[in-house]
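Asker: Numbering-wise, numbering that gives the first Met the number 0 puts 3 at position 4 of the sequence shown, and it's gapless, one number per residue.
Note that the Cβ used here is the ideal one computed from N, Cα and C, for glycine as well.
Please read all numbers here as calculations on a predicted model, not as lab measurements.
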Amino acid sequence: MIAFENISKKFGNTTVLDEICLQIPKNKITFIIGRSGEGKSVTIKHIIGLLRPDSGRIIVDDEEITTFNTARMRQHRKKFGMLFQHSALFDSMSVLDNVIFPLREHTSLSRQAMRAKAEESLARVGLGDVLQRYPSELSTGEQKRTGLARALVNDPHVLLYDEPTTGMDPLIAEMIDNLIVKINTELPEVTSVVISHDIKATLATADQIIMIYKGKAVLEGDPATFRNTRDPVVGQFMAGRVEGPMQFI
Ligand SMILES: Nc1ncnc2c1ncn2[C@@H]1O[C@H](COP(=O)(O)OP(=O)(O)O)[C@@H](O)[C@H]1O
Ligand SMILES: [Mg+2]
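So this is what it looks like as C-alpha cells:
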C-alpha cells in the first residue's frame, strides 16, 4: 500500500535516508524499528508529505505522492490519523472538544454529528465517561487514549503511531499495544504503522517489521523472520546487546 523506492534524504551533510526501499502492506500492523536517530520519524513524515525526499519515489494507494503540489498534499494528509509520543492535546479544551477538533478542521458536519462521531471514537478506545474533563485531569493512559480517539475520528485509512509507548509504564504500554491491535481488528480497512523500540512488544504485536539502519531497511519481514535472522546487526538490536557491529551512540 505504501512503497518507498530509493528514497534519499539529507539534512545538511547528514544522510538520514540512503536510497531506502521499503513496503508497508495494506490492512496490517507494520512496526518500524531502529536505534534512536536512525530516521524512523523522518520516514513517517515522508509518508504524510511533511518532508519531501531529495530523490526517489513514494507510492501510496497506487499514487506517486512525491510529485504532489501543496494543495494535493493537504488532501492526501486527510487519509492519515497520527498519534505522537506526547499526546499533543489542547490543554484548554475538554476531551470531547479535543476529539472534535479535526472534524472542525476538515469537515462541515453539524455540531451534533461531530459530537456523535467523537463519542463513537472515544468509546472505541474505552473512554466513554471523561468527555467533559480537561487533559490535566486525565491519567497518562487516558491522555494517550484521547489522542488515539482524535487520530481515529476522521476515519483515516492509515494510522501512524510515533513511539506511542515510549516513556510509559509497562501496564499502560501494554494497554496501548492492545488498543493498536483491537483497532486494527475492528477496522479492517485501516493500515497501522507503529514506530517503536520496544522489541518485545514489536514481536508480539506486528504483522510486519521493518528495521532501519544507516539509512536503509536492513530487514523486512514477519516476527518469525526477525526471531530467526542471522543478520548480525538485526540480531544485536533484537537482543539489546552492546557488543556487536552496531554502535550505540
Ligand atoms: N527537520 C530536520 N532538520 C534537520 N535534521 C533533522 C530534521 N529532522 C530529523 N533530523 C535528523 O535526522 C535524523 C533522524 O531523525 P529521526 O527520524 O527523528 O530519528 P528517529 O529514528 O529517532 O525517529 C536525526 O539525526 C535528526 O537529528
Ligand atoms: Mg522518532
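Taking 7 Å as the cut-off, does the CB of threonine 164 come closer than this to any heavy atom belonging to ligand 1?
Answerer: Mapped onto the sequence shown, residue 164 falls at position 165. Answer for threonine 164: no, Cβ out of range of ligand 1.
Asker: Just jot down, in chain order, the residues whose CB lies closer than 5 Å to any heavy atom of ligand 1.
Answerer: Qualifying residues, in the order they occur: Phe10, Val15, Ser35, Gly36, Glu37, Gly38, Lys39, Ser40 and Val41.
Asker: Could you tell me if the beta carbon of aspartate 161 falls within a distance shorter than 7 Å of some heavy atom in ligand 2?
Answerer: Position 162 of the sequence shown, counting from 1, holds the residue named residue 161. Yes.
Asker: Heavy atom of ligand 2 less than 7 Å from the Cβ of isoleucine 249, yes or no?
Answerer: This structure cannot speak to residue 249, because the chain is shown only from 0 to 248.
Asker: Identify which residue in Leu21, Glu185, Ala223 and Met167 has its Cα closest to the Cα of arginine 203.
Answerer: For this step, residue 203 is matched to residue 204 along the sequence shown. Per the sequence shown, the amino acid found at residue 203 is alanine instead of arginine. Minimum Cα distance to alanine 203 is reached at Ala223.
Asker: Check whether the Cβ of isoleucine 194 lies closer than 7 Å to any heavy atom of ligand 2, and answer yes or no.
Answerer: Indexing the sequence shown from 1 puts residue 194 at position 195. Checking every heavy atom of ligand 2 against the Cβ of isoleucine 194, one is found closer than 7 Å.
Asker: Is it the case that the Cβ atoms of isoleucine 182 and tyrosine 160 are separated by a distance below 8 Å?
Answerer: Your numbering for residue 182 matches position 183 in the sequence shown. Your numbering for residue 160 matches position 161 in the sequence shown. Going by C-beta atoms, isoleucine 182 is not nearer than 8 Å to tyrosine 160.
Asker: Less than 8 Å between the beta carbons of lysine 8 and valine 59, yes or no?
Answerer: On the sequence shown, position 9 is the one that residue 8 refers to. On the sequence shown, position 60 is the one that residue 59 refers to. No, the Cβ-Cβ distance between lysine 8 and valine 59 is not below 8 Å.
Asker: Enumerate in chain order the residues of its own chain whose CB-to-CB distance from phenylalanine 236 is below 6 Å, with the five nearest sequence positions on each side excluded.
Answerer: Taking the first residue of the sequence shown as position 1, residue 236 is located at position 237. None.
Asker: Could you tell me if phenylalanine 10 is buried or exposed, where buried requires 16 or more neighbouring beta carbons within 10 angstroms of its beta carbon?
Answerer: The residue labelled residue 10 in the question sits at position 11 within the sequence shown. The residue is exposed, with fewer than 16 neighbouring Cβ atoms inside 10 Å.
Asker: State the DSSP-derived secondary structure class of alanine 238, mapped to helix, strand or coil.
Answerer: Locating residue 238 in the sequence shown gives position 239, counting from the first residue. Correct three-state label for alanine 238: helix.
Asker: If you count every other CB in all the chains shown that lies within 10 Å of the CB of phenylalanine 225, and 16 or more means buried, which is it?
Answerer: In the sequence shown, the residue the question calls residue 225 occupies position 226. Buried, because 16 or more other Cβ atoms sit within 10 Å of the Cβ of phenylalanine 225.
Asker: Indicate the three-state DSSP secondary structure (helix, strand or coil) for arginine 56 in the structure shown.
Answerer: For the purposes of this step, residue 56 is identified with residue 57 of the sequence shown, where counting begins at 1. DSSP places arginine 56 in strand when its eight states are reduced to three.
Asker: Starting from the N-terminal side, write out each stretch of the beta strand (DSSP E) that is 3 residues or longer and does not extend beyond the region 74-131.
Answerer: Correct list: 79-82.
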